[in-house]
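Beneath this line is the structure, given in structure tokens, with notes to follow.
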Amino acid sequence: MTGISAWPLHILICNAAVFGAPWCLTEDGLESTFQVNHLGHFYLVQLLEDVLRRSSPARVVMVSSESHRFTDIKDSSGKLDFSLLSPSKKEYWAMLAYNRSKLCNILFSNELNRRLSPHGVTSNSVHPGNMMYSSIHRNWWVYTLLFTLARPFTKSMVRVYVFLKKGKKERIYVLEKLMKPESCP
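This is the structure in structure tokens:
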């Protein structure tokens, strides 16, 4: 093995996302919020799965959102309806698309953990805290107004230092409870 694929990968944080984006289909014919927020991470993890296994212990962190609680992917009879993940323009609502993509992140993380934890690769999903101080709401002026009005009543994200190795002074910022220092490689 040579090149970058020979390097170990002990932690992979999947954090890319869009919010409030207008309806748009990608070149693949899928709704863009779903593709950016979920399928991109899914594909990246699939590409790196062998590297993660070889790097054991390793961890995948899916940055999701508590907003996943405000949706589901079931039809009116209670059966899974995957067409809801890439709705038509008529059925599209940006907030619901975001919530569904974050639900997919959590479901994927749970299944990834089930499949890979026996191989020393764990997966967790985390809620980053409120995003009032980010620019995730930039796609629509109404979201920008709502986020601006809510700022005085919210707190910013919590930062937690986690030591990469015991006894070392090197630090990284991560979200609360991602990992314990003793579990770091």
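So the sequence shown is residues -20 to -1, 1 to 165, counted in mature numbering (1 follows the signal peptide of the UniProt record, and there is no 0). Glycine included, C-beta positions come from ideal geometry on N, C-alpha and C.
Look up V25 in the DSSP assignment and say whether it is helix, strand or coil. Residue mapping note: residue 25 aligns to position 45 of the sequence shown, counting from 1. Residue state, collapsed to three classes: helix.
What does the alpha-carbon distance come out to for the pair H(-11) and S35? Your numbering for residue -11 matches position 10 in the sequence shown. Your numbering for residue 35 matches position 55 in the sequence shown. Roughly 6 Å separates the two Cα atoms.
Distance, Cα to Cα, L83 vs A(-15)? Position 103 of the sequence shown, counted from the first residue, corresponds to residue 83. Position 6 of the sequence shown, counted from the first residue, corresponds to residue -15. Approximately 33 Å between the Cα atoms of the pair.
Have a look at S12, C(-7), T6 and L(-9) and flag the residue whose alpha-carbon is nearest the alpha-carbon of S75. Locating residue 75 in the sequence shown gives position 95, counting from the first residue. A small correction: the amino acid at residue 75 is Met; Ser does not occupy that position in the sequence shown. It is S12.
Drop a sphere of 10 angstroms on the beta-carbon of F62, count the other beta-carbons inside from all chains shown, and report buried for 16 or more, exposed for fewer. Numbered from its first residue, the sequence shown carries residue 62 at position 82. F62 comes out exposed.
Roughly how many angstroms lie between the CA atoms of H21 and A(-5), to the nearest whole one? Numbered from its first residue, the sequence shown carries residue 21 at position 41. Numbered from its first residue, the sequence shown carries residue -5 at position 16. Roughly 8 Å separates the two Cα atoms.
Is it right to say Y78 is buried, meaning 16 or more other beta carbons lie within 10 angstroms of its own, or is it exposed? Within the sequence shown, numbered from 1, the residue matching residue 78 stands at position 98. It counts as buried.
I'd like the span of the beta strand (DSSP E) that includes R39, first residue to last. Numbered from its first residue, the sequence shown carries residue 39 at position 59. Segment A38 to V43, the beta strand (DSSP E) holding R39.
With distance defined between alpha-carbon atoms, name the residue in S47, W73, S97 and T6 nearest to residue 190. Outside the displayed range of the chain (-20 to 165) lies residue 190, so it cannot be described from this structure.
If V40 and V16 are in contact, beta carbons under 8 Å, what's the gap, nearest whole angstrom? Indexing the sequence shown from 1 puts residue 40 at position 60. Indexing the sequence shown from 1 puts residue 16 at position 36. The beta carbons of V40 and V16 sit about 18 Å from each other, so the pair does not count as a contact at 8 Å.
Could you give the distance in angstroms between the alpha-carbon of M42 and the alpha-carbon of Y23? By one-based count along the sequence shown, residue 42 stands at place 62. By one-based count along the sequence shown, residue 23 stands at place 43. When rounded, the separation of the alpha-carbon atoms in M42 and Y23 is 13 Å.
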